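Read the structure below first, then the notes.
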Amino acid sequence: HLDYILRGITFPDGITTNLLDPCCGEGIALRHLAMGNNCMTYGVELDESRAEQAQNNLHRVAIGDYFRARICQRAFHLMLLNPPYLYTASNRGRVRAELQFLNSSVHHLAIGGLLVYIIPYYRLTPEIAKVLAAHFEDLEIYRFVGKEFQIHRQIAVLGVRKECIPTPETADRLCSSVRMVDDLKELTELPQGRFMLPKI
Numbered sequence: 047h048l049d050y051i052l053r054g055i056t057f058p059d060g061i062t063t064n065l066l067d068p069c070c071g072e073g074i075a076l077r078h079l080a081m082g083n084n085c086m087t088y089g090v091e092l093d094e095s096r097a098e099q100a101q102n103n104l105h106r107v108a109i110g111d112y113f114r115a116r117i118c119q120r121a122f123h124l125m126l127l128n129p130p131y132l133y134t135a136s137n138r139g140r141v142r143a144e145l146q147f148l149n150s151s152v153h154h155l156a157i158g159g160l161l162v163y164i165i166p167y168y169r170l171t172p173e174i175a176k177v178l179a180a181h182f183e184d185l186e187i188y189r190f191v192g193k194e195f196q197i198h199r200q201i202a203v204l205g206v207r208k209e210c211i212p213t214p215e216t217a218d219r220l221c222s223s224v225r226m227v228d229d230l231k232e233l234t235e236l237p238q239g240r241f242m243l244p245k246i
């Protein structure tokens, strides 16, 4: 699936691009997206043993809680976000990690930067759709391929960061798309070079 996503990204010539994964695990996924391109890779990982492995795969890794990390705003050309699929505690009570990570990490992306957001399709709730629609344009949803989708029910939402403007009609479109999940295109159909990273 990472190969399909990578094929859909164009990296700018002569620019070192900054890639971020706020919950990077061992860093394998982000390293794969950076492979063969002029990139600096950054990750955050809570689990110490996975973070130690990630240090072998990425340029910089912060070990600890992402929500306590200090990360520059608008500094990244691409963010890979595959958050935990569970409830977490917050000052608002229990919230879904998919929403909490999305809300907290949006500002790390440069305007024109690309979000690759991987979640189960049924977690694309109206609240998440509103966040995506407000902060991103050129949004597309692709489902994972074959048995992988049947087992894990995952989708990849790709979008280009914009200045924050609420866009209710886009949020409605996103919600409608996942209600007809079998009609979504598979990642194999993501066109080559579909998303160009910004030249910042």
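In this text, residue positions in the sequence shown follow our numbering: the first is 47, and each later residue adds one. Using N, Cα and C, we set each Cβ at its ideal position, and we do this for glycine too. This one's a predicted model, so the numbers in the text were calculated from it and none came from an experiment.
Taking just the CA atoms, how far does residue j sit from residue i?
i: E186; j: L204; result: 5 angstroms
i: E215; j: R169; result: 19 angstroms
i: Y88; j: P172; result: 30 angstroms
i: R140; j: Q146; result: 10 angstroms
i: D49; j: L79; result: 8 angstroms
i: I197; j: A115; result: 33 angstroms
i: K193; j: V227; result: 15 angstroms
i: M125; j: F195; result: 22 angstroms
i: T56; j: N128; result: 21 angstroms
i: A100; j: P58; result: 25 angstroms
i: Y167; j: I246; result: 32 angstroms
i: I211; j: A217; result: 12 angstroms
State the DSSP-derived secondary structure class of residue i, mapped to helix, strand or coil.
i: K245; result: coil
i: H47; result: coil
i: G192; result: helix
i: L220; result: helix
i: T250; result: The question about residue 250 has no answer, for the chain in this structure spans 47 to 246.
i: H105; result: coil
i: P166; result: strand
i: D229; result: helix
i: F182; result: strand
i: N149; result: helix
i: A115; result: coil
If the criterion is Cβ atoms closer than 8 angstroms, does the pair residue i and residue j meet it?
i: T190; j: L233; result: It is worth fixing the name first, because residue 190 is Phe in this sequence and not Thr. It is a contact, given that the beta carbons lie within the stated cut-off.
i: G158; j: P68; result: no
i: C70; j: E91; result: yes
i: G54; j: G239; result: yes
i: V206; j: E183; result: yes
i: I286; j: L230; result: Since the first and last residues shown for the chain are 47 and 246, residue 286 lies out of range.
i: I174; j: E209; result: no
Among the options, which has the Cα closest to the Cα of residue i?
i: R199; options: E209, I164, R207 and I174; result: I164
i: C221; options: L48, K176 and A75; result: K176
i: Y188; options: R219, V224 and C210; result: V224
i: R219; options: Q196, M125 and A180; result: A180
i: N103; options: N128, R114, Y112 and A75; result: A75
Cβ contact (3+ pairs, closer than 8 angstroms) linking the stretch 135-148 and the stretch 101-108
no
Would you check if there are 3 or more beta carbon pairs closer than 8 angstroms linking the stretch 145-155 to the stretch 111-123?
yes
Touch check for the stretch 58-65 and the stretch 82-95: three-plus C-beta pairs under 8 angstroms?
Output reads yes: the stretch 82-95 touches the stretch 58-65.
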